[in-house]
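What follows is one structure encoded as structure tokens, with my remarks underneath.
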Amino acid sequence: MKKSLFFGIILIIIATLVLAGCGEKKDYTEFAQCLTDEGAVMYGAFWCPHCIDQKESFGDAWEEVNYIECSLPDRSGQTQVCKDADIQGYPAWQFVDDTLIPAELANRKSSGPNWEIRIAGEITLKQLGTITGCQLPE
């Protein structure tokens, strides 16, 4: 009886995990292309866990995002383009306009050396859409 109950619980857990992974994946290609068209840029590092999470949120559409790698291949420093842009941490998103930056991100806002608008840290896709005016897929 205990074995049956144990295996029943295990089966339910496995079924739940399998079904949770079977959800329809959204195609963010148009959204990612819109971000690029609107001048959004993400600075990051290949070893940064928050950057990896941000990239994974786009799925295959990540290739459409304007991304600048800041880390040297051996992690020993920063690329010159990121030094020149005064990137202090990863990820860092840069935008052309700050008029639509949500209040919850205001404390993470800064300006680049040429008065570009930057937000430090991960940003949800919904927040990226709000800032840029780009529409998320339904």
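In this text, residue positions in the sequence shown follow the numbering used here: the first is 2, and each later residue adds one. The beta-carbon is built from N, C-alpha and C at its ideal position, and this holds for glycine as well.
Of the residues the options, the one placed nearest residue i, counting alpha carbons only
| i | options | result |
| --- | --- | --- |
| E105 | I88, V82, L129 | L129 |
| L43 | L73, F32, Q55 | A small fix is needed here, since residue 43 is Met in this sequence, not Leu. Selected option, being the one with the closest Cα: Q55. |
| N108 | P114, G122, C71 | G122 |
| I118 | I124, D98, F47, Q89 | D98 |
| E57 | Q81, C83, T80, K27 | K27 |
| S112 | T80, A86, Q136 | A86 |
Contact check, residue i vs residue j, beta carbons under 8 angstroms
| i | j | result |
| --- | --- | --- |
| P96 | T37 | Residue 96 is actually Phe in this sequence, not Pro. The answer is no: Cβ separation not under 8 angstroms. |
| K110 | I120 | yes |
| G40 | Y68 | no |
| P114 | F32 | no |
| Y29 | F59 | yes |
| Q34 | E70 | no |
| T131 | L101 | yes |
| Q79 | S72 | yes |
Three-state secondary structure assigned by DSSP to residue i
| i | result |
| --- | --- |
| V42 | strand |
| G130 | helix |
| E117 | coil |
| A21 | The predicted position of A21 is uncertain, since its pLDDT is 49 and thus under 50; a value taken from the coordinates is nonetheless stated next. In the structure shown, A21 sits in a helix (DSSP, three-state: H, G or I). |
| Q95 | strand |
| E31 | helix |
| Q79 | strand |
Check: residue i C-beta below 7 angstroms from any heavy atom of the ligand ATP
| i | result |
| --- | --- |
| T133 | Within the structure as shown, the ligand ATP is missing, as the structure has no ligands at all. |
Whole-number beta carbon distance between residue j and residue i, since they are thought to touch under 8 angstroms
| i | j | result |
| --- | --- | --- |
| W94 | R76 | The Cβ separation is near 22 angstroms, so there is no contact. |
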